[in-house]
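Per UniProt numbering, the sequence shown runs over residues 1 to 167.
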Amino acid sequence: MALVGLFWITEDCVYVGAEPVGAATGVRLTEDGVETLGLDQGRSWTWSQVRRIEVRDVAVRSTARRLVSVALDSLLVAVTGDGELPASYTVCVDATDGPVEVSVASAVAGGIYSPVEYELSCALLTRLADGGTAVGELLAWRRDHATDSTPSREEREALLRKWTSSH
Numbered sequence: 001m002a003l004v005g006l007f008w009i010t011e012d013c014v015y016v017g018a019e020p021v022g023a024a025t026g027v028r029l030t031e032d033g034v035e036t037l038g039l040d041q042g043r044s045w046t047w048s049q050v051r052r053i054e055v056r057d058v059a060v061r062s063t064a065r066r067l068v069s070v071a072l073d074s075l076l077v078a079v080t081g082d083g084e085l086p087a088s089y090t091v092c093v094d095a096t097d098g099p100v101e102v103s104v105a106s107a108v109a110g111g112i113y114s115p116v117e118y119e120l121s122c123a124l125l126t127r128l129a130d131g132g133t134a135v136g137e138l139l140a141w142r143r144d145h146a147t148d149s150t151p152s153r154e155e156r157e158a159l160l161r162k163w164t165s166s167h
């Protein structure tokens, strides 16, 4: 698994946000289409049925502000012993049968994304929904880098730019 922008990329599929565990909700992207997962979800669409995929309520801050937020959160947990649930945001899938909203857990530590990764991730969701980029491109990258962990910020941004550029 590797994190690139809002995406949790495995060798078989791509999650928007963290891979859900148990009854947790989530959104999975495959070469065949989009699936919502978790309690009271379980819907799926082929890519031809998907009109748009958008995200809302994503925590976005500059790198410096993000580091300060994560440090303060870590200090609070260390001092009080009181941890919080992972940050979450909403994924909106607009398909031919209407819109569906799913809450997903953020996959990044602290739940805060950089503005660049957020914007590029939104652009990639648009490209995936309109057929400009195939999920197979993300999966092929992951298979080629199966032993690697999450790339550096610069590498993540370069990958997102590559996947959002015209082919």
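Cβ atoms here follow ideal geometry from the backbone N, Cα and C, with glycine treated the same way.
(request) Report yes or no: do three or more beta-carbon pairs, one from the stretch 44–63 and one from the stretch 111–122, lie closer than 8 Å? (result) yes
(message) Let me check understanding here. Comparing Cα to Cα, which of Ala-24, Ala-23, Glu-35 and Gly-22 lies closest to Val-14?
(response) For the purposes of this step, residue 14 is taken as the residue at position 14 of the sequence shown. The shortest Cα separation from Val-14 among Ala-24, Ala-23, Glu-35 and Gly-22 belongs to Glu-35.
(request) Evaluate the contact criterion for the stretch 148–165 versus the stretch 84–96: three or more CB pairs, one atom per stretch, below 8 Å. (result) no
(request) Give the DSSP-derived three-state secondary structure of Ser-44 in the structure shown. (result) Position 44 of the sequence shown, counting from 1, holds the residue named residue 44. Correct three-state label for Ser-44: strand.
(request) Helix, strand or coil for Glu-35, going by three-state DSSP, please let me know. (result) For the purposes of this step, residue 35 is taken as residue 35 along the sequence shown, with counting starting at 1. Of the three classes helix, strand and coil, the one that applies to Glu-35 here is strand, per DSSP.
(message) On the criterion of 16 or more Cβ atoms from any shown chain inside 10 Å, does Thr-46 qualify as buried, or is it exposed?
(response) Taking the sequence shown and counting its residues from 1, one reaches residue 46 at position 46. It counts as exposed.
(message) Quick test of your reading: Thr-150 and Ala-2, contact by CB under 8 Å. State the CB separation rounded to the nearest angstrom.
(response) Indexing the sequence shown from 1 puts residue 150 at position 150. Indexing the sequence shown from 1 puts residue 2 at position 2. Confirmed, about 5 Å.
(message) Which same chain residues end up closer than 8 Å to Pro-20 when comparing Cβ atoms and leaving out the 5 residues on each side of it in sequence?
(response) Here the question's residue 20 lines up with position 20 in the sequence shown. So the qualifying residues of the chain are Gly-26, Leu-37, Gly-38, Val-104 and Ala-105.
(request) Kindly indicate the opening and closing residues of the beta strand (DSSP E) around Cys-122. (result) Reading the sequence shown from its first residue, position 122 is the one you call residue 122. That residue, Cys-122, is in no beta strand (DSSP E); its alpha helix (DSSP H) goes 115–130.
(request) Find out if the Cβ-Cβ distance for the pair Glu-54, Val-116 is shorter than 8 Å. (result) Residue numbering aside, residue 54 sits at position 54 when the sequence shown is read from its first letter. Residue numbering aside, residue 116 sits at position 116 when the sequence shown is read from its first letter. For Glu-54 and Val-116, no; Cβs fall outside 8 Å.
(request) Classify Glu-11 as helix, strand or coil using the three-state DSSP reduction. (result) Here residue 11 is taken as the residue at index 11 of the sequence shown, counted from 1. DSSP places Glu-11 in coil when its eight states are reduced to three.
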